[in-house]
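Asks: The structure is given below, and queries will be raised subsequently.
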Amino acid sequence: MEEYHKHLRSDDLRGKLLIGKTYHRPVLLGEVLEVLEVKAGEWYLDCTLGDGGHSLEILKKGGNVLGLDVDPEAIERTKGRLEGFGESGRFKAIQGNFRDIKNLVLQMDLADQKFAGILFDLGVSSLQLENPERGFSFGKVGPLDMRMDPTLAVTALDLVNGLNKGELYELFTKLGEEKYSRRLAEALVSAREVGPIQTTRQLAELAEKTLGRREKIHPATRIFQALRIAVNDELNALKEGLDQVMTLMEENGQILVISFHSLEDRIVKNTFNNWEEEGLGKVVTKKPITPSNLELRENPRSRSAKMRVFRML
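Per our numbering, the sequence shown starts with residue 176, numbered consecutively.
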């Protein structure tokens with residue numbers, strides 16, 4: 176992915192300038208802004224703050240933002256990036272999982288605040304992928320961690336070395352949608368007899384040795400996905416977060432969700448359809464919005480992104 180140096184200057188920030196930082200490039204940024212139609216003075220909720228790319232552009236258009244992120248590193252990094260907006264009271268940030276979204280909003284003294292737009296960007300950020308110590312990428316050598324919140328008790332290391340063959344097969348099948356799950360589970364259990372699987376490279380090499388290069392994607396891609404989803408309980412967190420957002424929306428407010436694999440997208444699609452059937456609003460995107468050819472060329476990691484939008488009545 177092509178990253179960029181973002182220089183921020185804003186008149187209402189008394190000429191503050193952020194220089195020399197390299198930030199994660201937000202996916203579908205233009206499309207998000209087009210859908211939101213940001214209005215000055217309105218509040219917007221960014222449930223997956225990351226490096227603050229989406230929030231920054233909302234703020235520059237005059238909107239106010241409450242940003243959440245489960246990763247404390249992301250919160251601290253983005254607080255620094257958006258410091259001037261924070262000083263002016265237009266940007267607030269809090270660390271926590273969006274499955275606790277209502278309580279987090281209460282903690283920020285915004286109990287009566289309704290939001291004109293709520294955004295979920297469910298992807299793993301470049302900051303997380305490129306830090307080998309986080310263990311998210313098989314392209315980096317690091318421990319099998321994969322926790323977005325470092326206070327979580329269970330890591331990928333625990334699952335890889337603790338689950339039995341049947342449990343590994345079920346995990347890779349359900350959360351990774353891996354058609355060779357049985358073969359991978361058997362290979363992993365056999366390899367553990369020699370010694371524990373401790374690093375991202377060990378696991379990636381095991382997958383490649385077991386399956387070979389059959390597809391364009393690396394053979395470890397889906398099992399890394401499955402482990403990350405399991406460690407962070409991502410699908411249940413998404414369901415619980417979506418269940419709470421309706422009470423936080425103002426009339427005609429919009430909920431935008433950017434997902435990166437079919438399991439997430441299915442949850443979002445079904446939830447939005449159910450809301451429409453219940454008369455709560457309208458599904459704006461009968462088909463998901465996907466990246467343009469230009470974005471795909473500039474940011475290959477955006478290739479699996481799908482955005483769905485729901486508008487409250």
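Ideal placement from N, C-alpha and C gives every residue a C-beta, glycine not left out.
Quick check on the burial criterion: 16 or more other C-beta atoms within 10 angstroms. Buried or exposed for residue 439?
Replies: With 16 or more Cβ atoms within 10 Å of its Cβ, residue 439 is classed as buried.
Asks: Going by DSSP in three states, residue 447 sits in which element: helix, strand or coil?
Replies: In the structure shown, residue 447 sits in a helix (DSSP, three-state: H, G or I).
Asks: Reducing DSSP to helix, strand and coil, say where residue 395 ends up.
Replies: Here residue 395 sits in coil by DSSP.
Asks: Rounding to the nearest angstrom, what Cα-Cα distance links residue 437 and residue 322 in this structure?
Replies: In a straight line, the C-alpha of residue 437 is about 21 Å away from that of residue 322.
Asks: What are the start and end residues of the beta strand (DSSP E) that includes residue 233?
Replies: First-last for residue 233: 228-235, but that is the alpha helix (DSSP H), not the beta strand (DSSP E).
Asks: For residue 365, count the other beta carbons within 10 Å of its own beta carbon; 16 or more makes it buried, fewer makes it exposed. Which is it?
Replies: Answer is exposed; the Cβ neighbour count stays below 16.
Asks: Starting from the Cα of residue 219, find the closest Cα among 293, 262, 299 and give me that residue.
Replies: It is 293.
Asks: Give the secondary structure of residue 184 by DSSP, where H, G and I count as helix, E and B as strand, and everything else as coil.
Replies: With a pLDDT of 33 at residue 184, under the threshold of 50, the modelled position of this residue cannot be trusted; read the value that follows with caution. Reduced to three states, the DSSP call for residue 184 is strand.
Asks: Who are the near neighbours of residue 465 in its chain, counting only those whose CB is closer than 7 Å to its CB and skipping five residues on each side?
Replies: If we look at residue 465 and ignore the five residues flanking it on each side, its Cβ neighbours are 480, 481.
Asks: For residue 336 and residue 453, I'd like the C-alpha separation in whole angstroms.
Replies: Residue 336 and residue 453: Cα-Cα distance of roughly 45 Å.
Asks: Applying the criterion that 16 or more other CB atoms from any shown protein chain within 10 Å of the CB defines a buried residue, is residue 312 buried or exposed?
Replies: Result: buried.
Asks: Comparing the CB of residue 292 with every heavy atom of the ligand HEM, is any distance shorter than 7 Å?
Replies: Absence of the ligand HEM is noted for the structure shown, with no ligands found whatsoever.
Asks: On the DSSP bridge assignment, give the partners of residue 239 in chain order.
Replies: BP columns for residue 239 point to 218.
Asks: Measuring alpha carbon to alpha carbon, tell me which residue in 215, 382, 212, 224 is nearest residue 202.
Replies: Checking every option, the nearest Cα to that of residue 202 belongs to 224.
Asks: Answer with buried or exposed for residue 206, where buried requires no fewer than 16 other C-beta atoms within 10 angstroms of its C-beta.
Replies: With 16 or more other Cβ atoms within 10 Å, it is buried.
Asks: Would you be able to state if there are at least three C-beta pairs under 8 Å between the stretch 421-437 and the stretch 279-293?
Replies: Verdict: yes, contact present.
Asks: Suppose the cutoff is 8 Å on Cβ atoms and the five residues either side in sequence are ignored; what does the same chain contact list for residue 397 look like?
Replies: Cβ neighbours of residue 397 beyond the five flanking positions: 347, 351, 352, 353.
Asks: Looking at the secondary structure, which residues open and close the beta strand (DSSP E) in which residue 457 lies?
Replies: Here the beta strand (DSSP E) through residue 457 covers 456-458.
Asks: Using 8 Å as the threshold, is the stretch 265-273 in touch with the stretch 443-452, meaning 3 or more CB pairs across them?
Replies: Counting Cβ pairs under 8 Å, fewer than three are found: no touch.
Asks: Tell me which same chain residues have a C-beta within less than 8 Å of the C-beta of residue 457, skipping the five on either side of it?
Replies: Here the set comprises 451, 485, 486, 488.
Asks: Between residue 422 and residue 280, what straight-line distance do the alpha-carbon atoms span, to the nearest angstrom?
Replies: So the two alpha carbons sit approximately 11 Å from each other.
Asks: Could you give the distance in angstroms between the alpha-carbon of residue 386 and the alpha-carbon of residue 362?
Replies: Between residue 386 and residue 362, the C-alpha separation is close to 10 Å.
Asks: Candidates 393, 343, 332, 483: which alpha carbon is nearest residue 370's?
Replies: For residue 370, the nearest C-alpha among the options comes from 332.
Asks: So, at 7 Å on beta carbons, what are the nonlocal neighbours of residue 374 in its own chain, with the 5 sequence-adjacent residues on each side left out?
Replies: For residue 374, where only same-chain residues beyond five positions count, the Cβ hits under 7 Å are 316, 317, 318, 319.
Asks: Quick check on DSSP: helix, strand or coil for residue 351?
Replies: Note: residue 351 maps to helix in three-state DSSP.
Asks: Our contact map puts residue 334 next to residue 406 with C-beta atoms below 8 Å; I'd like the distance itself, whole angstroms only.
Replies: Between residue 406 and residue 334 the Cβ distance is about 7 Å, and since that is below 8 Å, they are a contact.
Asks: At which residue ranges does the stretch 267-315 contain complete alpha helix (DSSP H) runs of 4 or more residues, listed in the order of the chain?
Replies: Runs of the alpha helix (DSSP H) inside the stretch 267-315: 276-282, 301-304.
Asks: Can you give me the start and stop residues for the alpha helix (DSSP H) that residue 260 sits inside?
Replies: Here the alpha helix (DSSP H) through residue 260 covers 258-262.
Asks: Taking the C-alpha atoms as reference points, what is the distance between residue 275 and residue 415?
Replies: So the alpha carbons of these two residues sit roughly 8 Å apart.
Asks: Determine which residues share a DSSP beta bridge with residue 481 and list them.
Replies: Answer is 434.
Asks: Within the continuous alpha helix (DSSP H) that includes residue 376, where are the two ends?
Replies: Run containing residue 376: 375-386, per the alpha helix (DSSP H) assignment.
Asks: Indicate whether residue 463 and residue 483 have their beta-carbon atoms separated by less than 8 Å.
Replies: Yes, these two residues count as a Cβ contact at 8 Å.
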